[in-house]
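The structure appears below as C-alpha cells.
In full-length UniProt numbering, the protein residues as written are 1 to 372.
And the structure:
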C-alpha cells in the first residue's frame, strides 16, 4: 500500500501577525487531501467553512469545495469623474443595489453581449456578507509612475466594487456537493466550463453595479483599471491552482481591501510558485460574525458605526450587518500589506480612502421621508 504524503504548507505572515491556529489547522487538513501538492497561506488567512480563506492550494486533483460557493468573487476599481465630492450628498444618491436595475436603466449598456449561462437572477446587485460598493479617493501614492500608468493620482475619486456571482456560484457548487460532497470533480472540464462562466458573470456584475452608481452620481461609466477575482481555480503548470480569498499575484495589479474604516491598498503583485502565484485579498477577519455582533453591541451604537474612523459614511440598512462588518472585526490592513512586502509578494502602489461605503439600502429616516 502506498503511503500518502501531505503537501507542503507555507504561511506568508510574520510572527507578529494575528493568525488563528484553526485556520492553520485547516491548511494542514487540505494538505492531507489526495493529490494536494502545496498550500500557500496569505497573511489575511482565517478559518472558512471546510477550507481556509486566504489561501492558494495547488493539487493534481480539482476540488470544487476549495473554491467555494462564491465563484468569481473579486474586487474591481473604476475611475469616476465627479464635479464635487460631498459624501453626505453622494451617499443619499446611491441606488438600491439590493434590487436589480429596471429594464430601461442605462447601466445595462455596460453589459453589451450575452449574460453567462443566461443567469439573470441577482444581476446588478451586491449581495451580503463582506461585499460592498465604495466611493473612495486615492490617498497616498507610493509609486507615482505605476499609478500614472493606471491613470490614477492622489485625490482622484474611484469606485471600488467587491462582489461575486451571487446565486450562480452557489448553484454550481451545490450541484457538485449533492452528489460528490467534498470530493474531487469527476469531470473537471465540465466543472471548469460552468466555473469560467461564473467568473465572467462576476466580472460583468461588478461592471454593471459600477455603471449604476456612476449614473446615479451624475457621472459616465468607465472601464475598470483593476479587476481581479479571488475565488477561482486555474490550470497552471499542469496542476489545479485553487484560490479561496487569494488574488492572482503573478504580475497583476490588485486592490487588497481594508475595511470601511481604513484605507485599502493597490499593490503591484509579483508572487512566485511558493506563494501559489497569489497575494492576499483583504484585511481578513479577526472575529467571527457572532463575536463581532456580541462585542460590537457592547462597545458601539448603530450611529457610531455609520461614521467611520476615517470620516467616511456607511450606507447600511441592516443593523446586524453593521456590527458584523465593523472595522474592529478585521485584522490590521497595514500588517497584511507589510507581510506581503516583507515576503517579496507585492509592492504598494497607492492607498484608496473610503468616502461612502454601500452595504445594503438604507432604511433610515432619510429614505422614509415622503412616504405616507
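Even for Gly, the Cβ is constructed at its ideal location relative to N, Cα and C.
| query | result |
| --- | --- |
| Could you say which of 151, 196, 95 lies nearest to residue 124 if we only look at CA atoms? | 95 |
| Label residue 172 either buried or exposed according to how many other C-beta atoms from any shown protein chain fall within 10 Å of its C-beta, with 16 as the threshold for buried. | buried |
| According to the Cβ coordinates, are residue 305 and residue 359 closer than 7 Å? | no |
| To the nearest angstrom, how far is it from the Cα of residue 300 to the Cα of residue 312? | 16 Å |
| Near residue 150, what residues of its chain come up, given a Cβ to Cβ distance below 6 Å and the 5 sequence neighbours on each side ignored? | 225 |
| Quick check: the Cα distance between residue 285 and residue 23, rounded to an integer number of angstroms? | 11 Å |
| Any chance you could list the beta strand (DSSP E) runs of at least 3 consecutive residues sitting entirely within the region 145-190, in chain order? | 157-163 |
| Out of 347, 218, 254, which one is the CA nearest neighbour of residue 91? | 218 |
| In chain order, which alpha helix (DSSP H) runs of at least 4 residues are fully inside the region 295-340? | 302-306, 319-324 |
| Residue 227: buried (16+ other C-beta within 10 angstroms of its C-beta) or exposed? | buried |
| Tell me whether residue 93 sits in a helix, a strand or coil according to DSSP, three-state version. | helix |
| What residue range is occupied by the uninterrupted beta strand (DSSP E) comprising residue 288? | It is not in any beta strand (DSSP E) - residue 288 carries neither H nor E in the DSSP assignment. |
| According to the Cβ coordinates, are residue 165 and residue 80 closer than 7 Å? | no |
| Three-state secondary structure (DSSP) at residue 117? | helix |
| Taking 7 Å as the CB-CB cut-off, is residue 289 touching chain D? | Chain labels in this structure do not include chain D; a single protein chain is all it has. |
| What does the Cβ neighbour count give for residue 185, buried or exposed, with the cut at 16 atoms within 10 Å? | buried |
| Based on the DSSP output, what are the partners of residue 10 in its beta bridges? | 40 |
| Taking C-beta to C-beta, are residue 200 and residue 116 nearer than 7 Å? | yes |
| Going by beta-carbon coordinates alone, are residue 249 and residue 216 separated by less than 7 Å? | no |
| Cβ of residue 269 within 7 Å of Cβ of residue 254? | yes |
| Identify the continuous alpha helix (DSSP H) that holds residue 131 and give its terminal residues. | Element bounds for residue 131: n/a, residue is neither H nor E. |
| Return the CA-CA distance between residue 343 and residue 103, expressed in angstroms with no decimal places. | 48 Å |
| Using the C-alpha atoms, what's the distance from residue 169 back to residue 163? | 12 Å |
| Less than 6 Å between C-beta atoms, sequence neighbours within five positions excluded: which residues of the same chain meet that for residue 252? | 228, 269 |
| Return the bridge partner residues of residue 78 from the DSSP annotation. | 159 |
| For residue 293, which of helix, strand or coil comes out of DSSP? | helix |
| Would residue 373 and residue 231 be called neighbours here (beta carbons separated by less than 7 Å)? | Since the first residue of the chain shown is 1 and the last is 372, residue 373 is not available in this structure. |
| Can you list, in chain order, the stretches of the beta strand (DSSP E) that have 3 or more residues and sit fully within the region 188-265? | 226-229, 231-236, 239-244, 246-248, 250-256 |
| Relative to the C-alpha of residue 56, which residue among 147, 9, 159 is closest? | 9 |
| Given a threshold of 16 other Cβ atoms within 10 Å of its Cβ, counted over all protein chains shown, does residue 54 qualify as buried or as exposed? | buried |
| So the alpha helix (DSSP H) residue 99 belongs to, where does it begin and stop? | Neither: residue 99 is in no alpha helix (DSSP H) and is coded neither H nor E. |
| Any idea which residues DSSP pairs residue 279 with across the strands? | 247 |
| Tell me which same chain residues have a C-beta within less than 6 Å of the C-beta of residue 3, skipping the five on either side of it? | Residue placement at residue 3 cannot be trusted, given a pLDDT of 43 that sits under 50; what the coordinates show is reported in the next sentence. Around residue 3: no qualifying Cβ. |
| Alpha carbon to alpha carbon, how far is residue 62 from residue 241? Give it in angstroms, no decimals. | 8 Å |
| So what does DSSP say about residue 20, is it helix, strand or coil? | coil |
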